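Those sequence lines, one after another, are chains P and A.
Just so we're aligned, residue 157 is where the first sequence starts under this note's numbering, counting upward by one.
Just so we're aligned, residue 157 is where the second sequence starts under this note's numbering, counting upward by one.
All C-beta atoms, glycine included, are put in the ideal place defined by N, C-alpha and C.
Just so we're clear, the structure is a prediction, and the values are computed from it rather than from any experiment.
Number of protein chains: 2
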Amino acid sequence: MDFYLLRLFNIKRMLWGIGILSCLLVPAKAYCQTVGDSVISIGKAYHLYSGELKENRSYWVYLPQHYNDPRYPTQRYPVLYLLDGDVNFHSLTGMLQFLSKGAYAQLPEMIVVGILNTDRTRDLTPTYANVKAMNGISASFESSGGAEGFISFLKNEMMPLIDSSYRTMGYRILTGHSFGGLAAVNILLHHPGMFHSYLAIDPSLWWDNEYMLRRADSLFRDENRFKGRQLFMSLAFKEHSEIDTTTDQERAIRTFAAKLKRNAPVGLRWNFAYYESEDHGSVPLRSELEGLRFLFKGYQAEVKQLLQKPELLEAGYKELSVQLGYTFLPPEYLVDWIASFCEKNGKYSSAKYLLEMNVRNYPESKGAAERLHNVVQKRFSRAEGRYQSRRGEFLR
Amino acid sequence: MDFYLLRLFNIKRMLWGIGILSCLLVPAKAYCQTVGDSVISIGKAYHLYSGELKENRSYWVYLPQHYNDPRYPTQRYPVLYLLDGDVNFHSLTGMLQFLSKGAYAQLPEMIVVGILNTDRTRDLTPTYANVKAMNGISASFESSGGAEGFISFLKNEMMPLIDSSYRTMGYRILTGHSFGGLAAVNILLHHPGMFHSYLAIDPSLWWDNEYMLRRADSLFRDENRFKGRQLFMSLAFKEHSEIDTTTDQERAIRTFAAKLKRNAPVGLRWNFAYYESEDHGSVPLRSELEGLRFLFKGYQAEVKQLLQKPELLEAGYKELSVQLGYTFLPPEYLVDWIASFCEKNGKYSSAKYLLEMNVRNYPESKGAAERLHNVVQKRFSRAEGRYQSRRGEFLR
Numbered sequence: 157m158d159f160y161l162l163r164l165f166n167i168k169r170m171l172w173g174i175g176i177l178s179c180l181l182v183p184a185k186a187y188c189q190t191v192g193d194s195v196i197s198i199g200k201a202y203h204l205y206s207g208e209l210k211e212n213r214s215y216w217v218y219l220p221q222h223y224n225d226p227r228y229p230t231q232r233y234p235v236l237y238l239l240d241g242d243v244n245f246h247s248l249t250g251m252l253q254f255l256s257k258g259a260y261a262q263l264p265e266m267i268v269v270g271i272l273n274t275d276r277t278r279d280l281t282p283t284y285a286n287v288k289a290m291n292g293i294s295a296s297f298e299s300s301g302g303a304e305g306f307i308s309f310l311k312n313e314m315m316p317l318i319d320s321s322y323r324t325m326g327y328r329i330l331t332g333h334s335f336g337g338l339a340a341v342n343i344l345l346h347h348p349g350m351f352h353s354y355l356a357i358d359p360s361l362w363w364d365n366e367y368m369l370r371r372a373d374s375l376f377r378d379e380n381r382f383k384g385r386q387l388f389m390s391l392a393f394k395e396h397s398e399i400d401t402t403t404d405q406e407r408a409i410r411t412f413a414a415k416l417k418r419n420a421p422v423g424l425r426w427n428f429a430y431y432e433s434e435d436h437g438s439v440p441l442r443s444e445l446e447g448l449r450f451l452f453k454g455y456q457a458e459v460k461q462l463l464q465k466p467e468l469l470e471a472g473y474k475e476l477s478v479q480l481g482y483t484f485l486p487p488e489y490l491v492d493w494i495a496s497f498c499e500k501n502g503k504y505s506s507a508k509y510l511l512e513m514n515v516r517n518y519p520e521s522k523g524a525a526e527r528l529h530n531v532v533q534k535r536f537s538r539a540e541g542r543y544q545s546r547r548g549e550f551l552r
Numbered sequence: 157m158d159f160y161l162l163r164l165f166n167i168k169r170m171l172w173g174i175g176i177l178s179c180l181l182v183p184a185k186a187y188c189q190t191v192g193d194s195v196i197s198i199g200k201a202y203h204l205y206s207g208e209l210k211e212n213r214s215y216w217v218y219l220p221q222h223y224n225d226p227r228y229p230t231q232r233y234p235v236l237y238l239l240d241g242d243v244n245f246h247s248l249t250g251m252l253q254f255l256s257k258g259a260y261a262q263l264p265e266m267i268v269v270g271i272l273n274t275d276r277t278r279d280l281t282p283t284y285a286n287v288k289a290m291n292g293i294s295a296s297f298e299s300s301g302g303a304e305g306f307i308s309f310l311k312n313e314m315m316p317l318i319d320s321s322y323r324t325m326g327y328r329i330l331t332g333h334s335f336g337g338l339a340a341v342n343i344l345l346h347h348p349g350m351f352h353s354y355l356a357i358d359p360s361l362w363w364d365n366e367y368m369l370r371r372a373d374s375l376f377r378d379e380n381r382f383k384g385r386q387l388f389m390s391l392a393f394k395e396h397s398e399i400d401t402t403t404d405q406e407r408a409i410r411t412f413a414a415k416l417k418r419n420a421p422v423g424l425r426w427n428f429a430y431y432e433s434e435d436h437g438s439v440p441l442r443s444e445l446e447g448l449r450f451l452f453k454g455y456q457a458e459v460k461q462l463l464q465k466p467e468l469l470e471a472g473y474k475e476l477s478v479q480l481g482y483t484f485l486p487p488e489y490l491v492d493w494i495a496s497f498c499e500k501n502g503k504y505s506s507a508k509y510l511l512e513m514n515v516r517n518y519p520e521s522k523g524a525a526e527r528l529h530n531v532v533q534k535r536f537s538r539a540e541g542r543y544q545s546r547r548g549e550f551l552r
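Structure representation (structure tokens):
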């Protein structure tokens with residue numbers, strides 16, 4: 157696509173043109189990796205022995221598009237931890253890959269760590285509640301109440317291993333569905349320092365006579381406890397029986413949402429969504445889509461504006477960092493893309509401004525310095541070229 | 157999870173209990189494949205030489221969960237063809253995998269074939285329209301207008317190769333975004349026999365002064381042309397410029413939707429969705445999610461009802477087959493799952509009914525006959541067991 161043609165038009169018309177042209181640019185490049193024998197790969201499976209849990213644990217790791225790009229060897233990434241990891245791994249990483257690609261990305265590229273289950277009930281439930289769970293219907297929850305052990309495994313074994321194995325930036329998100337959502341709310345309430353943001357998808361807050369709601373009542377009073385934390389909670393459509401006007405699960409989730417509305421700690425940024433057209437099984441897709449975008453609201457760069465005012469990019473990231481309670485710098489790969497877009501549109505000073513920002517933000521990146529050098533050189537040659545050609549005219 | 161406990165309660169209470177228990181059952185099993193060296197794989201990349209196009213073409217293939225399951229070697233699958241295949245492959249297959257798993261699946265398992273681009277503009281545009289495209293702004297569309305060649309490649313080379321390489325059932329879906337959406341509408345209008353259902357995602361219907369809209373005017377008159385065809389079309393939010401109250405793209409899509417509303421051919425089942433919170437780049441995710449569910453509306457089995465009335469399953473598939481204009485049989489793997497659910501809940505006659513259906517629908521499946529035999533045997537032993545124990549009581 158030749159953007160130079162667009163310079164023939166005035167700027168408004170040009171921006172409008174880019175608006176349509178961008179429609180044509182989006183589908184352009186592949187991001188899945190093909191490995192030997194042409195297998196299309198989205199991650200790798202690993203395991204570690206947990207001293208805390210006295211068992212082997214499996215986990216799957218997805219690395220984002222630019223992770224192994226030789227141009228960005230120092231780029232660091234947020235990590236999203238996914239409970240019931242294998243079940244949601246394909247769909248969640250697919251959505252993330254799709255929404256974090258290109259200059260109009262709505263989400264940052266992230267590392268995803270999916271944690272596979274051994275004893276799901278044990279790991280994800282905060283209390284022992286085998287009998288009289290679920291309004292008198294007992295079920296096989298004999299192993300329930302092991303959340304603290306699982307949390308120690310995450311905190312002392314899993315997370316340190318990930319941080320030492322990959323270029324993580326320190327920002328962490330936890331995503332869980334059903335019992336996994338219960339676990340996410342439990343960790344937010346009792347270990348709010350472990351993760352910065354939480355997606356609790358149709359969480360099983362009915363557990364143990366709404367144990368989590370009672371805990372929230374007392375813990376929400378501590379205003380500083382949840383500073384800089386974010387929570388997105390969702391509820392799927394529930395079939396109502398004739399016995400009760402609503403199920404325990406729906407009631408518990410709605411009560412928790414009402415508590416948040418009435419009484420959320422000041423520092424906690426939260427949102428709640430009810431999906432009438434999703435059932436308990438399908439609800440993770442839309443919850444992840446809208447939940448992650450809620451967490452990173454404002455992330456998308458206004459690429460067209462940046463052509464003229466590249467300084468808006470840094471301003472936007474400062475705002476985002478305040479929202480997230482954590483410093484996010486514009487990723488080197490994204491700034492590079494926008495700089496080359498500026499360059500293609502003849503906005504050399506904007507390109508230079510952006511590449512200088514990369515050098516400042518990524519002082520260890522050799523590529524950043526090189527690319528800045530190149531654009532300065534090119535600009536000089538262009539000016540030089542114009543001068544020579546003008547001089548030629550005069551001399552002729 | 158022990159469902160036998162539930163038999164202690166009356167049936168209404170039991171169904172209600174299952175409603176909650178099902179919440180706990182959903183996340184249970186992995187579906188991505190791990191291959192040597194623990195790579196997590198979602199497909200394979202291939203290529204073929206196209207005589208029609210005189211070039212090599214790459215394509216990616218995703219096979220669904222049960223495709224290589226040794227229990228179901230005769231199961232056949234619909235095929236979803238994906239334009240701009242590599243760009244959407246990860247996210248689309250992830251969503252499909254997630255929504256086609258388990259007994260509450262909302263979509264059938266499908267094979268996905270992603271077709272990668274060589275000259276995108278050539279393949280996806282129906283006419284040559286390099287000059288004066290897009291309201292006077294010319295762009296690099298020099299190669300435009302090659303759709304017929306690409307369609308011949310699909311029809312005479314790609315599709316026969318897929319049908320001879322995989323266990324396809326003959327039902328075909330085409331999905332395209334932007335220029336790919338334009339291509340999907342073009343194929344629906346001019347080659348409606350090639351695919352049964354079409355997703356046209358934010359399609360570039362502005363192309364060549366709304367060429368496709370003019371074609372629709374004349375082709376929609378032929379009522380029989382679109383019998384048994386389905387179309388889902390979506391529109392993303394568009395930023396409006398000051399030059400025009402709406403972009404060419406939005407106007408063209410809305411005009412096409414209005415034509416459908418006023419004047420759709422009787423045989424065409426269609427739907428249109430406007431996504432205000434999605435931009436042109438992000439809109440494929442929700443369009444695929446809601447578009448595929450529109451195509452297969454009614455697919456989800458009412459598992460709880462089937463415990464009592466297993467005959468409803470076949471009735472549901474008959475209805476679905478009418479909607480799709482194509483015979484869909486209940487998949488053997490799904491019927492097996494429901495039968496074993498019936499068995500676990502002591503509904504032996506329902507299990508037997510369902511397994512007999514499998515034997516009827518899949519006469520070549522050895523497993524179907526075996527599983528029917530097993531359940532009949534077990535039932536007999538149970539009756540026998542009860543008789544013996546009752547006899548013991550009398551004798552004591």
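| query | result |
| --- | --- |
| Just to confirm, are P/H333 and P/D240 a CB contact at a threshold of 9 Å? | yes |
| Going by CA-CA distance only, name the one from A/G384, A/V217, A/L424, A/I357 that's closest to A/E406. | A/I357 |
| Against chain P, does A/M266 count as a neighbour if the rule is that its beta carbon must be under 9 Å from one of theirs? | no |
| Should the stretch 376–393 of chain A be regarded as contacting the stretch 342–359 of chain A, the criterion being three or more beta carbon pairs within less than 8 Å? | yes |
| Kindly indicate which residue of A/D364, A/S206, A/K534 has the alpha-carbon position closest to the one of A/T277. | A/D364 |
| Considering Cα atoms alone, identify which of A/P440, A/K522, A/S247 is closest to A/R227. | A/K522 |
| Just the Cα atoms here: how many angstroms apart are P/R213 and A/A392? | 42 Å |
| Which residue's Cα is closest to the Cα of P/H352: P/A259, P/F388, P/K474, P/Y367? | P/F388 |
| Mind pulling the chain A residues with CB within less than 8 Å of P/M251? | S247, G250, M251, L441 |
| Opposite P/Q386 in the DSSP bridges: which residues? | P/S353, P/R425 |
| Please report the straight-line C-alpha distance between P/S443 and P/Y354, rounded to a whole angstrom. | 12 Å |
| Assuming P/P555 contacts P/E470 (C-beta within less than 8 Å), just tell me the rounded distance between them. | Given a span of 157 to 552 for chain P in the structure shown, any question on residue 555 of chain P remains unanswerable. |
| Put P/M266 into one of helix, strand or coil per three-state DSSP. | coil |
| Mind checking if P/S194 is an interface residue toward chain A, Cβ cutoff 9 Å exclusive? | yes |
| 9 Å is my cut-off, CB to CB: does A/S353 come that close to chain P? | no |
| Distance, Cα to Cα, A/A259 vs A/Q456? | 8 Å |
| What's the gap between the Cα of P/T403 and the Cα of P/L361? | 11 Å |
| Check whether the Cβ atoms of A/I271 and A/Y327 sit closer than 9 Å, and answer yes or no. | no |
| Use the C-beta contact count for A/Q461: other C-beta atoms within 10 angstroms, 16 or more gives buried, fewer gives exposed. | exposed |
| Quick one: does A/F393 have its CB under 9 Å from some CB of chain P? | no |
| Which bits of chain A does P/W216 rub up against, with CB to CB less than 7 Å? | I196 |
| Between the stretch 483–499 of chain P and chain A, which residues of the former have a C-beta closer than 9 Å to a C-beta of the latter? | none |
| Kindly indicate if chain B contains any beta-carbon less than 9 Å away from that of P/N244. | Chain labels in this structure do not include chain B; the protein chains are P and A. |
| Compare the C-alpha of A/L238 against each of A/F335, A/R418, A/N312 and name the closest. | A/F335 |
| Along the beta strand (DSSP E) that carries A/P234, what are the first and last residues, could you check? | 233–238 |
| Just to check my reading of the structure: P/V532 and P/A525 have Cβ atoms closer than 8 Å, yes? What is that Cβ distance to the nearest angstrom? | At roughly 11 Å, the Cβ-Cβ gap does not stay under 8 Å, so P/V532 and P/A525 are not in contact. |
| Is A/V478 buried or exposed, if buried means 16 or more other CB atoms sit within 10 Å of its CB? | exposed |
| Can you tell me whether A/W363 is helix, strand or coil according to DSSP? | helix |
| Quick one: is P/K200 near chain A, going by C-beta distance under 9 Å? | yes |
| Report buried or exposed for A/K394, applying the criterion of at least 16 other Cβ atoms within 10 angstroms of its Cβ. | buried |
| On the three-state DSSP scale, how would you describe A/L391? | strand |
| Along chain P, which residues have their Cβ under 9 Å away from the Cβ of A/Y260? | D435, H436, G437, S438 |
| What do you reckon, are the CB atoms on P/E208 and P/N312 nearer than 9 Å? | yes |
| So if DSSP puts P/E211 in a beta bridge, which residue, or which two residues, is it bridged to? | P/S206 |
| Check this for me: beta carbons of P/T324 and P/V243, under 9 Å apart or not? | no |
| P/L330 touches chain A at which residues, Cβ-Cβ below 8 Å? | By Cβ distance, chain A contributes nothing, its closest Cβ being about 15 Å from P/L330, past 8 Å. |
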